Structures are given as structure tokens and as C-alpha cells.
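Colleague:
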Amino acid sequence: MEEANEGAMASPIRELRRLYRDAEAKAARLRLIVDVRSMLDRSPWQTIVHEILSAIAGFAGANRASIHSQTGENWQYGAGSSPPTADTVEMRFIGAAWMGIEQLELALSRSAFPIHEDDRKTIQIVTDQLAGSLAAERQHAVREQLTINLQARERELARLVEAMIGAQEQERRRIAYDLHDGVAQSLVSLLFHLEAAGVAMDDADTARRAIESGIEIARSSILDVRGAIAALRPAELDDLGLEAALRARLDSIANMDVQFRSDLNGRRLPGPLEVTFYRVAQEALANATKHSGCSRIDLRIALESPQSVCLTVTDNGRGIAVAPAFNDQEGGGVGLSAMRERMALIGGSLTIHSTPGTGTVVVAQAPIPNPMKELS
């Protein structure tokens, strides 16, 4: 009778102990999940990963826990040590963040005793937490870098706008100066000759000479006006394209050996590219003819690929001292900076190679938008 009572009492005790162990196991699983989440929330992933791996190894009864990326990156973290033994097995868990943006593998080295299925699920949850946290950190880093890049582009755009406004004002001053010293002076002289002819109406020879002088002045003024119009916007550029406009510009250079090469073969580039490359060539040729003391100029326009075009202007003049900062997108004289800024507005670049006494090479490159559509 007493033995039966003792057996009846032992059964509830064993059940209570089982329930207690189950409760402890559930608490340990929940604690691991919460602790890992807490560690990931308070510290950057790379600084806390060893502590997390140690916690996982302790939870799983493993000698070592390690983790590495499955997205093509060469990195691995580990905690603990696992000398190879006959009864050591590897347990592997694949963690994936949302949409597979980050995948990693967790490996546990432990003795070959069974592991509860709920423990496996807990380790899988933690592995997914690690993958998700790493993906979130990387997305944050990418967003920060994009923000930095955007701010840099905004600053560059503001600088370019300011520079272009300055260049426009400089061009207006140049046009006003040319009109004042050219056409305006010629018109004043023409007026004087016409007035003189009017006064000398009784003297036919004097009146005739005054009128003839006035006619020559008018013809010269017409040539000056046409030259100014061509400098502002050559008709060839609109009607025939960049290649023809460059040929016409080179034909206007006298007393100099001028060579022109092109593989465009009459093909047209997108309008903004043609205008920009013409202006850059115009400025480079003006610098060469006015300041370099050169006897030869080579101009080449070439398609580097279906997606890129390159203009090169080379002279054999005295050369210039180009500050390294210019080719690093800073500094440069007004004319050089204007060329560089024009190229920047079409996504291109400008590089100048020159030292005193060696001549100058100006290289302008730019991508061609929609090359298959535009180059036809």
C-alpha cells in the first residue's frame, strides 16, 4: 500500500520536473533571441558578432561557432575553438534577409549528441536576425553614400551654374567690346564720310572720294558683322554639323600649318554635344593662334566607341604650365575653366597636357546619349 502511494506521488513530481525543464528551455530560447536582438540594436554588426557567436555556441553546447557570407564576399567570423575529434559534427544554418539581399551561413562544431528541434528553430531565427541586421546596416551605408554623392553633385551643379553665369557675362562684355571697337567705330567713320560728301556736293571729286571711302567702310563693316555672327553661331554647325563647322573654323586660320582628321564621315552628333565640342575647339584654337606662338595645329575628332566621342587639339607652341589641380577638377584660368565646365555639363571631361616649351594637347571626351538612335 505504501509503495503504491509513493509511486503515485512520484509521477506528479516527475511531470513537474519535466514541465520545469521545458519552461527553462523555452526561456533560454527566448532569452537568446531577445539578447541577440538587443546586441544588434545597440552596437554595429561587426563589433558585436563575436559576442553573439559565443552566445549561440553556449546555447547550442558547441565548441565553436563561425559565420561567413554567401553573397560572394570573402569574410568570416568565429568564436571558440574546436579541435577535430571523432565525435564532432558540423551543424549549418543558412540565414537570408528580405529578398535575398544578404545571405550568410552559421556553422556550429559540437559533439554528436541530439539537439532539440525547437533549439534548431531558435538558432535559425537568430541566424536570420544576423542576416537581416547586416543587410540593414549595408543599406544604411549605401543610403549615406548616396546622400553624400548627391550633396557633392548639388554643390558641383551650383558651382557650374555660377561659372556659366559668369562666362555668359564675360561673353556679353566681349561682344560689347567687339561691337564698340569694330562695327560702331566703322559706322561713325561712315557717317563722317557721308557728311563730308554732303558738304562737298559742289565739288564732285571730293564728294566721290568720300562716297567711295564710305562704301569701303560699309563693306568692311558687313564683313565684321558676318564674322561676329559666325563666331557667335556658325551656320555650318546648324546646317551641316560639327565636322563641317570645324573645317570652316580651321579654314579661317591663315599663315599656319593646320591639319584636320575626323572619322565622323558626315554623321551628326546630338545637338548639345556638337555645340559643346565646337566651343571647346574654338577656345583651344584661339589660345593656340593668339598665345602659343605655334606654327602647326592638329585637330582630330573621333568616335572612341559607339558610346563615346573625343576631340583632340594639338599645337607645337611654347606650351603652358598646367597646374595638376586643373586636371583634378579644380583651378585653371578663365578660358580653361570655361572649357572644362562646358564639358562637365554634358557629362564629359577635359584634360590638358602641356609643359613650357613642349606644346599643348587639349583632350575633350564625352559619352554619346542613345548612340544607336542619334548616330545615323
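What the sequence shown shows, in the numbering used here, is residues 868 to 1243, in sequence order. Yeah, the Cβ is synthetic: ideal placement off N, Cα and C, and Gly gets one too. Since we're looking at a predicted model, the values are computed, not measured.
1. So LEU1113 and LEU1166 are in contact, right, with Cβ under 8 Å, and what is the actual spacing, rounded?
2. Distance, Cα to Cα, VAL1228 vs ILE1168?
3. Can you give me the Cβ contacts of LEU1057 inside the same chain, cut-off strictly under 8 Å, excluding the 5 residues immediately before and after it?
4. Going by DSSP in three states, ARG1134 sits in which element: helix, strand or coil?
5. Please tell me whether SER1162 and ARG1185 are closer than 9 Å, where the distance is taken between their beta carbons.
6. Taking the Cβ atom as the reference point for each residue, do LEU1131 and LEU1170 lie within a distance shorter than 9 Å?
7. Enumerate in chain order the residues of its own chain whose CB-to-CB distance from ILE1120 is below 8 Å, with the five nearest sequence positions on each side excluded.
8. Apply the 10 Å Cβ neighbour rule to THR1014 and answer buried if 16 or more other Cβ atoms are within range, or exposed otherwise.
9. What residues match up with GLY945 in a beta bridge as DSSP calls it?
10. Which of helix, strand or coil does DSSP assign to GLY1198?
11. Report the rounded CA-to-CA distance for ARG909 versus SER1221, giving the unit in angstroms.
12. Can SER921 and LEU973 be called in contact, C-beta distance under 9 Å?
13. Among the residues of its own chain, which have a CB less than 6 Å from the CB of ARG896, if the five just before and after it don't count?
14. Relative to the C-alpha of THR914, which candidate in ARG885, ARG888, ARG959 and GLU1004 has its C-alpha closest?
15. Which of helix, strand or coil does DSSP assign to GLN1232?
16. Give the DSSP-derived three-state secondary structure of GLN1174 in the structure shown.
17. If you measure between the beta carbons of LEU1055 and ALA1095, is that distance less than 9 Å?
18. Alpha carbon to alpha carbon, how far is VAL916 from ASP986?
19. Since LEU1117 and PHE1127 are thought to touch, with beta carbons under 8 Å apart, how far apart are those beta carbons, to the nearest angstrom?
Modeller: The answer reads as follows:
1. Between LEU1166 and LEU1113 the Cβ distance is about 6 Å, and since that is below 8 Å, they are a contact.
2. Their Cα atoms are separated by approximately 13 Å.
3. Here LEU1057 has GLY1081, ILE1084, ALA1085 and SER1088 as same chain residues with Cβ atoms under 8 Å from its own Cβ, once five neighbours each way along the sequence are excluded.
4. Three-state DSSP puts ARG1134 in coil, outside helix and strand.
5. Not in contact: SER1162 and ARG1185 (Cβ atoms no closer than 9 Å).
6. Contact flag set, yes.
7. Around ILE1120: LEU1152, THR1156 and ILE1164.
8. With fewer than 16 other Cβ atoms from the protein chains shown falling within 10 Å of its own Cβ, THR1014 counts as exposed.
9. Paired residues: SER933.
10. Bear in mind that a pLDDT of 42 at GLY1198, under 50, signals an unreliable position, so the number given afterwards is only what the model happens to contain. The answer is coil: DSSP assigns GLY1198 none of H, G, I, E or B.
11. The alpha-carbon atoms of ARG909 and SER1221 are separated by roughly 55 Å.
12. Not closer than 9 Å, so no.
13. THR989, listed in sequence order.
14. Of the candidates ARG885, ARG888, ARG959 and GLU1004, the one whose C-alpha sits nearest the C-alpha of THR914 is GLU1004.
15. In this structure, GLN1232 counts as strand in the three-state DSSP scheme.
16. If DSSP states are grouped into helix, strand and coil, GLN1174 belongs with coil.
17. Checking the displayed sequence, the identity of residue 1055 turns out to be Val instead of Leu. Their beta carbons are not under 9 Å apart, which means VAL1055 does not touch ALA1095 by this criterion.
18. Within the model, the alpha-carbon separation for VAL916 versus ASP986 is close to 20 Å.
19. The Cβ separation is near 5 Å, so the contact holds.
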